[in-house]
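So the structure is just underneath, and the comments pick up after that.
Number of protein chains: 2
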Amino acid sequence: MRDTTLAYIAGFLDGDGSIMFQLKPRSDYAYGFQIKVTLAFYQKQSNRSILEWLYENLKVGAVRDRNDGMSEYDIEGFAPVRNVLEMLEPYVVLKRDQVDMALRLIEEITNQPEPAPNEFLEWCAKVEIFQTLNYTKNRRHTYESVRAILKSKGYLVPP
Amino acid sequence: MRDTTLAYIAGFLDGDGSIMFQLKPRSDYAYGFQIKVTLAFYQKQSNRSILEWLYENLKVGAVRDRNDGMSEYDIEGFAPVRNVLEMLEPYVVLKRDQVDMALRLIEEITNQPEPAPNEFLEWCAKVEIFQTLNYTKNRRHTYESVRAILKSKGYLVPP
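Just so you know, the protein sequences line up as chains A and B, in that order.
In terms of the working numbering, the first sequence is numbered consecutively and its last residue is 164.
In terms of the working numbering, the second sequence is numbered consecutively and its last residue is 164.
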């Protein structure tokens, strides 16, 4: 891809995109939660074409229409989000700290497929710090939710 | 300026900026109205730094805090807006038609400092078409306002 295309997408991300980490309850997971990462771009549906254009350039993720008149282009998963963020990173200005923090957290998580409970909890704390940067409202599952689950499952024994 | 900086700003404009033409009532103008053009970027005040960054690169216009928690970076006037749009034009994707239309209208207006009433009215019609692209709400002064004024001043005589 041309460097001006990457710089354009970095500008679009700074103006209108977001990087999100979320805690998803998953009863089939040992610790009861999955950490998810999403890189998302939003436009009203009449401007959906620009989201398709981003998709054609990045060749990952999917564009969908929401039921509130907006369209959303989502890239989900550690590997796809890391690849895209690494390409955009040199050109990002406003969200530079967020991109760097996201890349570090993805690195940590993917390097350790079987985290100890305390390690997992540490990641959840970082997810929460990240959400604070995003001013995310309606966070349903927090560090505290995970800690309560881990405790109830007997994972958090005194050292 | 580096081409990746221009491409970044073009992406930011597509994600979060707007190009606006407005009709301003001016009692000291022959036709009662002035046509104004503004290139604007918006962010919440906590992200004001990115607007300052844009200003440092484009070296024109001004950043101000609004009283609704947002900051706004405005570039006003035909010559400044034209200069910036001409630099960004090669990299703009979503707002490409708007940029081209704005550049043509600015060209027409600046080439004719003493328009005939019908010519001025034609520009006002184009301002209105442009506003439709922007989905601008709360348009106070329209083509019809200008036509009414021109008619009341006796400018619009039957051919």
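Yeah, the Cβ is synthetic: ideal placement off N, Cα and C, and Gly gets one too.
Taken in chain order, the unbroken stretches of alpha helix (DSSP H) that lie wholly in the stretch 21–73 of chain B and span 4 residues or more are 53–63. In this structure the stretch 129–139 of chain A does not lie against the stretch 45–56 of chain B, because fewer than three pairs of beta carbons, one per stretch, are closer than 8 angstroms. With fewer than 16 other Cβ atoms from the protein chains shown falling within 10 Å of its own Cβ, A:T137 counts as exposed. The Cβ atoms of A:E77 and A:R69 sit closer than 9 angstroms to each other. When Cβ-Cβ separations below 9 angstroms define contact, B:W58 makes contact with chain A. If you check the CB distance, B:I111 and B:P120 do not come in under 9 angstroms. In the structure shown, the three-state DSSP call for B:Y160 is coil.
Across the structure, B:A153 and B:R31 are spaced so that their CA atoms are roughly 14 angstroms apart. For B:S150, DSSP records no beta bridge to any residue. Counting the other CB atoms within 10 Å of its CB gives B:K100 a total of 16 or more, which places it among the buried residues.
Residue-level contact check: B:Y96 touches chain A, since one or more beta carbons of chain A fall below 9 angstroms from its beta carbon.
Under the 10 Å beta carbon count, A:G22 is surrounded by 16 or more other beta carbons and is classified as buried. Listed along chain B is no residue with a C-beta nearer than 7 angstroms to that of A:I80; the closest approach is about 16 angstroms. Put simply, the CB of B:D70 is far from chain A, with every gap to its CB atoms at 9 angstroms or more. Neighbourhood of B:D8 in chain A, by CB distance below 9 angstroms: D8, T9 and A12, in chain order. Taking a 10 Å sphere around the C-beta of B:P118, we find fewer than 16 other C-beta atoms and assign the residue as exposed. By the rule that beta-carbons nearer than 9 angstroms mark a contact, B:D73 does not touch chain A.
Taking 8 angstroms as the Cβ-Cβ cut-off, the stretch 20–43 of chain B approaches chain A at G20, D21 and G22, given in chain order. Rounded to the nearest whole angstrom, the C-alpha separation of A:D8 and B:T9 is 7 angstroms. Not a single CB atom of chain A sits nearer than 9 angstroms to the CB of B:F135.
In this structure, B:M6 lies near B:N62, with their beta-carbon atoms less than 9 angstroms apart.
When C-beta distances to chain B are compared with 7 angstroms, every residue of the stretch 110–132 of chain A stays at or above that value.
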